[in-house]
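Undergrad: Here it is: the structure, laid out below.
Number of protein chains: 2
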Amino acid sequence: MTNPDPASQHGIEPRQRLLDAATELFAERAFKEVSIREICEKAGGANVASVNYYFRDKAGLYRELLESILARWEAERERHAKLIEGKPPEEKLYLYVRWFIGNILEERADERDMLFGRILNREMSDPGPDFRLIVQKGMVPNWKRLMTIVAEVADLPEGNQAVLACTHGTMGQCLMYSSARKLSKYFGPPETHFTPETIDGIARHVTQFSLAGIRAIAQLNRESGAAGKAGPGCSGTPPEE
Amino acid sequence: MTNPDPASQHGIEPRQRLLDAATELFAERAFKEVSIREICEKAGGANVASVNYYFRDKAGLYRELLESILARWEAERERHAKLIEGKPPEEKLYLYVRWFIGNILEERADERDMLFGRILNREMSDPGPDFRLIVQKGMVPNWKRLMTIVAEVADLPEGNQAVLACTHGTMGQCLMYSSARKLSKYFGPPETHFTPETIDGIARHVTQFSLAGIRAIAQLNRESGAAGKAGPGCSGTPPEE
DNA sequence: GACAATCTAAAACAGATGTTTTATATCTAT
DNA sequence: ATAGATATAAAACATCTGTTTTAGATTGTC
């Protein structure tokens, strides 16, 4: 009758089963695409009403699930941030890219604790409720982390427009591989499964590509007084070497 | 009673109204997210059954709509391909990027004939039925066009792995701006509306960034015998200049 | 003007969804 | 052991979806 307290004496077991089942389902499909009945069935045949009993809403279940995922994601992010602390900027960039792409491409996605990459990635293209939460606690911090590294590589202040644009570009390359994964089913025969070695290769490429790009942009930015928005004074085709 | 022929004497007017209304709705939301009733309402209060009458299915309506959009998209693509023919590779790259980002960012999206950018873009993150058609007729040709240009810039054969990876990277940067557009509502105050001048700036930046990236990767590729997949022999941090 | 094909309109149908209700079982605390 | 809160189960509800049916209006052609 009174509101159900999660910290009750017992009965937290089916609650957790619902969360676990929902997490796996929401990792693959969007909020609207997963039905309560499906979640319950996956949670060992729980009753359809149990979701409303424990979480009030379907949205309540999703919310709680997201907060858990985001907390783990934050921990993983900070763990890795500490790990690369003090290394030279170029190596930081590689390590970040390698780490990020690894998460995007769902390395270790078999461990349920590591599903945040999948969920964040899916939310990006198919936002549910609480998308604002995902952006703020999941994407922005990550994006800022890359921006700091790019600023170091470019040897420019973090607020600089060129740094911002280069961060955009580097991130875009990384995210491309999640789009490519989806498209790969429709394209042709390319490897749909990524091994750690494959990911290494991708990360190395993206790093090299981005390093050259960042340096070129930084150079242009310095030359032209760093006033305009993005590469002012350039009429389209760059000066040949 | 007999199957409805589109080329009937008259009555193609409400048919077209349905197509137009559906096009605008599907440009913003996915196939599943738009209901038949909504389409009919937008089409001047048409009856709910009219979609099934004219197009057999909801999927039939969508299919016909897509084919029309893809045809216009192909025409626009070939128009632009002819336009940049013969220009130097670097300028080709800029012109392609400028053109592509313009479409992605929905320049001229007020003209209904120009909605393909919006629809293709949405399909990319939220595929409906006939997604295979979209990929094959909408995305692949476009992607190949960029690959040809990248190969010219890199001075490498089109099949080369480095060219493939660089194409990926350049395309990724372009697509980033469509993601950014979605996120911009949740980020902060950044300009959510893109002017032609803004797009110019973005395209110039992406071009500069990619040019440096492509050249660096091509150089590495030549040095290391062009055997491995993506930048072999590099242990993560690149050689300092 | 009358017939037949075509188009429009309203209603009804079958299925799925999230949620609420009702009833029954289970457990803890007194 | 019994009372009261808590947990489970089944069913019913309201709403939305795409689709079909049925009936009525419109139209072109002979």
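Chains W and B, in that order, are what the protein sequence lines are. Sequence positions in the first sequence follow our numbering and run 2 to 242. Sequence positions in the second sequence follow our numbering and run 2 to 242. Heads up, the beta-carbon is just placed ideally off N, CA and C, and yes, glycines get one too. Being a predicted model, the structure only gives us computed values, none of them experimental.
#1: Which bits of chain W does residue 207 of chain B rub up against, with CB to CB less than 7 Å?
#2: Is the beta carbon of residue 102 of chain B within less than 7 Å of some heavy atom of the ligand COA?
#3: Alpha carbons only, please: which of B:103, B:28, B:94 is nearest the one belonging to residue 119 of chain B?
#4: Measuring only between beta-carbons, confirm whether residue 136 of chain W sits less than 8 Å from chain B.
#5: Which word fits residue 169 of chain B, buried or exposed, when buried means at least 16 other C-beta atoms lie within 10 angstroms of its C-beta?
#6: Taking contact to mean 3 or more Cβ pairs, one atom from each stretch, closer than 8 Å, check whether the stretch 100-115 of chain B and the stretch 151-158 of chain B are in contact.
#7: Quick check on residue 194 of chain W: does DSSP put it in helix, strand or coil?
#8: Closest by CA to residue 21 of chain B, which one among B:34, B:214, B:40?
#9: Give the residues of chain W in contact with residue 213 of chain B, contact being defined as C-beta atoms less than 8 Å apart.
#10: Who are the near neighbours of residue 127 of chain B in its chain, counting only those whose CB is closer than 7 Å to its CB and skipping five residues on each side?
#11: When the Cα atoms are used, what is the spatial distance from residue 56 of chain W to residue 132 of chain W?
#12: With 8 Å as the threshold, decide whether the Cβ of residue 174 of chain W is near any Cβ in chain B.
#13: Any idea what DSSP makes of residue 128 of chain B, helix, strand or coil?
#14: Kindly indicate if chain B contains any beta-carbon less than 8 Å away from that of residue 125 of chain W.
#15: Rounded to the nearest angstrom, how far is the Cβ of residue 167 of chain B from that of residue 218 of chain B, given a contact under 8 Å?
#16: Would you kindly work out how many angstroms separate the C-alpha atoms of residue 37 of chain B and residue 140 of chain B, rounded to a whole number?
#17: Given residue 143 of chain W, which residues of its chain have a CB within under 7 Å of its CB, disregarding the five upstream and five downstream residues?
#18: Between residue 238 of chain W and chain B, is there a C-beta pair that is closer than 8 Å?
#19: What is the DSSP secondary structure of residue 33 of chain W, counted as helix, strand or coil?
TA: Concretely, from the data shown:
#1: Residue 207 of chain B sits at position 206 when you count from the first residue of the second sequence. Near residue 207 of chain B (Cβ distances below 7 Å), the residues of chain W are 170.
#2: What this structure holds is no ligand at all, so the ligand COA is not there to describe.
#3: The residue given as residue 119 of chain B occupies position 118 in the second sequence. Minimum Cα distance to residue 119 of chain B is reached at B:28.
#4: In the first sequence, counting from the first residue as 1, residue 136 of chain W sits at position 135. Closer than 8 Å: yes.
#5: Stepping through the second sequence from its first residue, residue 169 of chain B is reached at position 168. Buried.
#6: A contact is defined here as three or more CB-CB pairs under 8 Å, and the stretch 100-115 of chain B fails this definition with respect to the stretch 151-158 of chain B.
#7: Against the first sequence, residue 194 of chain W aligns to sequence position 193. Here DSSP, grouped into helix, strand and coil, assigns residue 194 of chain W to coil.
#8: Stepping through the second sequence from its first residue, residue 21 of chain B is reached at position 20. Closest option to residue 21 of chain B, Cα to Cα, is B:40.
#9: Against the second sequence, residue 213 of chain B aligns to sequence position 212. The contacting residues are 213, 214, 216, 217, 218.
#10: Here residue 127 of chain B refers to the residue found at position 126 of the second sequence. Closer than 7 Å at the Cβ level, and outside the excluded window around residue 127 of chain B, lie 31.
#11: In the first sequence, the residue the question calls residue 56 of chain W occupies position 55. In the first sequence, the residue the question calls residue 132 of chain W occupies position 131. Their backbone Cα atoms lie some 19 Å apart in a straight line.
#12: For the purposes of this step, residue 174 of chain W is identified with residue 173 of the first sequence, where counting begins at 1. Yes - at least one Cβ of chain B is within 8 Å of the one on residue 174 of chain W.
#13: In the second sequence, residue 128 of chain B corresponds to position 127, counting from 1. Here residue 128 of chain B sits in coil by DSSP.
#14: In the first sequence, the residue the question calls residue 125 of chain W occupies position 124. At least one chain B Cβ lies under 8 Å of residue 125 of chain W.
#15: Translated into the one-based positions of the second sequence, residue 167 of chain B becomes position 166. Translated into the one-based positions of the second sequence, residue 218 of chain B becomes position 217. Residue 167 of chain B to residue 218 of chain B, Cβ: 5 Å. Contact.
#16: As a first step, residue 37 of chain B is located in the second sequence; it is residue number 36 there, counting from the start. As a first step, residue 140 of chain B is located in the second sequence; it is residue number 139 there, counting from the start. Each residue's Cα considered, the two are about 27 Å apart.
#17: Taking the first sequence and counting its residues from 1, the one referred to as residue 143 of chain W is at position 142. Here the set comprises 78.
#18: Position 237 of the first sequence, counting from 1, holds the residue named residue 238 of chain W. Any reading at residue 238 of chain W needs caution, since the residue's pLDDT is 40, under 50, leaving its predicted position unreliable; the model's value is listed next. Closer than 8 Å: yes.
#19: Taking the first sequence and counting its residues from 1, one reaches residue 33 of chain W at position 32. Three-state DSSP puts residue 33 of chain W in coil, outside helix and strand.
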